[in-house]
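Reading through the structure tokens given below for one structure.
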DNA sequence: ATGTCTTTGTGAACGCGTGCACAAAGATGG
DNA sequence: CCATCTTTGTGCACGCGTTCACAAAGACAT
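Chains as they are written, first to last, in the UniProt record's numbering: chain A, 1 to 254; chain B, 1 to 254.
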């Protein structure tokens, strides 16, 4: 998994644990798949298997939302889809801006899974004047000079940062000042934001490093790294079960 | 953050907690930045601030690696960079294959932050015959028919899946059968893998949904959703502190 | 050498998340 | 209406992760 919670005092919002919130989208995806197959009800056991979690955990998660199941039967798929969607705030439209239209930004802009989840790419913003006006994914790129106006005109509260690390904090500050209160950060930097602003971070490099750690453990051990030979301070390394909407990865062209 | 741990029995590898492992790359990035500014030593307080964590947590994390600090002074930057790199297995070369060269796969292939961390894109693989031979990021795309041979010839143990969800499990199975034991999955699907194989998942859609949840909490509450009016089952919704290498987000062209 | 001052390393307490195991609830059949 | 069977909802215990707070360790000055 490529996630990491940033700047979140583990504040349990109205009794729903953060860990549960993080799993709701997972359940929702599995449920939507069932819904498309016109499955009327599902047991916690089946749904848990589809979502890849423990069934007891799933039931406990749902218990935070209320008692939506029927004992002896299971959960009504359609009803549960609605309840989770509502809880996640997906029944409303969320305009989103993407800042930094490089390779990644463009890939994000092309992602088709936004709309089906209530997210709408309201604008693409880049600092490069040469990009301005050029359409990406059918949306013309706008220059970052107009960032504040774009945010306000569209009532945007969620921003995606896909700029180089050096620009991320500055972009973040402007987004926040303009009214954005939730940020998804792809830049490899720790963003500092005022209280009340949520930041979530996606960092491929970190994910790979975590995999490498475990990989080393699996492969190694017998390789017996010379633990004794500690280097001096100068010895630095030179260093098919298809989702409903999401038939594509998070970032995929149509 | 766009991460989610998948299929990991919280097995504490040789005493290093999983949560600590997930933070090591963060420390490493901060340390590398200090190293580039030729800062010789750093205190836990300073480093923690740079990495965006609590200083006590950082010290405890480091304590799992050993006693690398000097009381009254702090940590030797270069030495710590080396120790963490070694612990994460970044002192060796990790050949990686990317399967699914769509928008995202291409963006990943162009990511420059791989090499500086010991990761090397050994091959790009796609199922589309039209893609075969076409260079992406200077690397010719190979057809998925040759997947097994590519894995084995290059000694690849880490695979990145950037295919549509429908193909992900099948690709995963083939990767695993060919010898891959760590997978970074960008497809919105729960992958099932045998024991001994690590899977980490990156899902943009989930991250946005989590943000939407908190956003709704912040904006809402007074919006007073009509909780009483429960819909029938049919009422479904229609639905600049620059990192060293990582001057770019995880996925950015050179 | 002695004292002071800074910073590490960690013992201990606390809180969250997980999973077990079971009682309560309801469906279903006779 | 009663018995049986399935599945939920949850009380409880356990373990991991976080944080506090402080003793131990060393640098540095005198």
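For glycine and all other residues, C-beta sits at the position ideal for the given N, C-alpha and C.
Q) From which residue to which residue does the beta strand (DSSP E) around residue 120 (chain A) run? A) The residue given as residue 120 (chain A) occupies position 120 in the first chain. Its beta strand (DSSP E) spans residues 119-126.
Q: Determine, using beta carbons only, whether residue 258 (chain B) comes closer than 8 Å to chain A.
A: In the structure as shown, chain B starts at 1 and stops at 254, and residue 258 (chain B) therefore has no counterpart that could be examined.
Q: Out of B:177, B:148, B:79, B:191, state which residue places its alpha-carbon closest to the alpha-carbon of residue 166 (chain B).
A: For this step, residue 166 (chain B) is matched to residue 166 along the second chain. The option with the nearest alpha carbon to residue 166 (chain B) is B:191.
Q: Name, please, each residue of chain A whose Cβ falls closer than 8 Å to the Cβ of residue 70 (chain B).
A: Here residue 70 (chain B) corresponds to residue number 70 of the second chain, with the count starting at 1. Listed along chain A is no residue with a C-beta nearer than 8 Å to that of residue 70 (chain B); the closest approach is about 11 Å.
Q. What residues in the stretch 173-193 of chain B bring their beta carbon closer than 7 Å to a beta carbon of chain A?
A. Residues of the stretch 173-193 of chain B with a C-beta less than 7 Å from any C-beta of chain A: 181, 182, 184, 186, 187, 188, 189, 190, listed in chain order.
**Q.** Under the three-state DSSP convention, the category residue 70 (chain B) falls into
**A.** In the second chain, counting from the first residue as 1, residue 70 (chain B) sits at position 70. In the structure shown, residue 70 (chain B) sits in a strand (DSSP, three-state: E or B).
Q. Mind pulling the chain A residues with CB within less than 9 Å of residue 55 (chain B)?
A. Here the question's residue 55 (chain B) lines up with position 55 in the second chain. Taking a Cβ-Cβ cut-off of 9 Å, residue 55 (chain B) has no neighbours in chain A, whose nearest Cβ is about 14 Å from it.
Q) Any residues in the stretch 91-109 of chain A with a beta carbon nearer than 8 Å to a beta carbon of chain B? Which ones, in chain order? A) Those residues of the stretch 91-109 of chain A that come within reach of chain B (Cβ to Cβ, closer than 8 Å) are 91, 92, 94, 96, 100, 102, 103, 104, 106, 107, 108.
**Q.** residue 239 (chain B) to residue 201 (chain B) span [Cα, whole Å]
**A.** As a working note, residue 239 (chain B) is residue 239 in the second chain. As a working note, residue 201 (chain B) is residue 201 in the second chain. With a pLDDT of 32 at residue 239 (chain B), under the threshold of 50, the predicted position of this residue should be treated as unreliable, though the coordinate-derived value follows. For residue 239 (chain B) and residue 201 (chain B), the distance between alpha carbons rounds to 25 Å.
(Q) Please classify residue 229 (chain A) as buried or exposed, where buried requires at least 16 neighbouring CB atoms within 10 angstroms. (A) To locate residue 229 (chain A), count along the first chain from 1; it is residue 229. Model confidence at residue 229 (chain A) stands at a pLDDT of 40, short of 50, so the residue's coordinates are unreliable and nothing is read from them.
(Q) 8 Å is my cut-off, CB to CB: does residue 60 (chain A) come that close to chain B? (A) Here residue 60 (chain A) corresponds to residue number 60 of the first chain, with the count starting at 1. Not closer than 8 Å to any Cβ of chain B, the Cβ of residue 60 (chain A) fails to qualify, so no.
(Q) As a quick exercise: from B:108, B:59, B:211, B:131, pick the residue whose alpha carbon is nearest that of residue 161 (chain B). (A) Walking along the second chain from the start, residue 161 (chain B) turns up at place 161. Looking only at B:108, B:59, B:211, B:131, the smallest Cα-Cα distance to residue 161 (chain B) is reached by B:108.
Q: Check the DSSP bridge columns for residue 75 (chain A) and list the partner residues they point to.
A: Counted from its first residue, the first chain places residue 75 (chain A) at position 75. Listed as beta-bridge partners of residue 75 (chain A) by DSSP are A:42, A:69.
Q. Using the beta-carbon of each residue, which ones in chain B are nearer than 9 Å to residue 196 (chain A)?
A. Position 196 of the first chain holds residue 196 (chain A). Within 9 Å Cβ-Cβ: 218.
**Q.** Whole alpha helix (DSSP H) elements within the UniProt domain "CoA-binding" (89-190) of chain B, 4-residue minimum
**A.** Taking only runs of at least 4 residues, the alpha helix (DSSP H) segments lying wholly in the UniProt domain "CoA-binding" (89-190) of chain B are 103-110, 147-154, 165-178.
Q: Please state whether DSSP places residue 229 (chain B) in a helix, a strand or coil.
A: Within the second chain, numbered from 1, the residue matching residue 229 (chain B) stands at position 229. Bear in mind that a pLDDT of 40 at residue 229 (chain B), under 50, signals an unreliable position, so the model cannot answer this.
(Q) Does the stretch 46-54 of chain B come into contact with the stretch 24-37 of chain B, if we say contact requires no fewer than three beta-carbon pairs (one atom in each stretch) closer than 8 Å? (A) They touch, by the three-pair rule.
Q.
Between residue 65 (chain B) and chain A, is any beta-carbon pair separated by less than 8 Å?
A. Residue 65 (chain B) sits at position 65 when you count from the first residue of the second chain. For residue 65 (chain B), the answer is no, since every Cβ of chain A falls outside 8 Å of its Cβ.
Q.
Check for me: the beta strand (DSSP E) holding residue 21 (chain A) runs from which residue to which?
A. Position 21 of the first chain, counted from the start, is the residue given in the question as residue 21 (chain A). Note, residue 21 (chain A): premise wrong, no beta strand (DSSP E); alpha helix (DSSP H) at 18-36.
Q) Can you name the residues of chain A whose CB is closer than 9 Å to the CB of residue 42 (chain B)? A) The count along the second chain starts at 1 and reaches residue 42 (chain B) at position 42. Simply none; closest approach about 13 Å.
Q: List the residues of chain B whose Cβ lies closer than 9 Å to the Cβ of residue 257 (chain A), in chain order.
A: With chain A running from 1 to 254 in the structure shown, residue 257 (chain A) is simply not present.
**Q.** Same chain only: Cβ atoms within 8 Å of residue 193 (chain A), ignoring 5 sequence neighbours per side
**A.** As a first step, residue 193 (chain A) is located in the first chain; it is residue number 193 there, counting from the start. These residues qualify, in order along the chain: 7, 172, 176, 183, 199.
Q: Please go through the same chain and pick out, in chain order, the residues whose beta-carbon is closer than 6 Å to the beta-carbon of residue 137 (chain A), but skip the five residues on each side of it.
A: For the purposes of this step, residue 137 (chain A) is identified with residue 137 of the first chain, where counting begins at 1. Answer for residue 137 (chain A): 109, 110, listed in chain order.
Q) Should the stretch 138-151 of chain B be regarded as contacting the stretch 97-104 of chain B, the criterion being three or more beta carbon pairs within less than 8 Å? A) Using a Cβ-Cβ distance cut-off of 8 Å, the stretch 138-151 of chain B and the stretch 97-104 of chain B are in contact, since at least three pairs of beta carbons, one from each stretch, lie closer than that value.
Q) For residue 25 (chain A) and chain B, any beta-carbon pair shorter than 8 Å? A) As a position in the first chain, residue 25 (chain A) is number 25, starting the count at 1. For residue 25 (chain A), the answer is yes, since a Cβ of chain B falls inside 8 Å of its Cβ.
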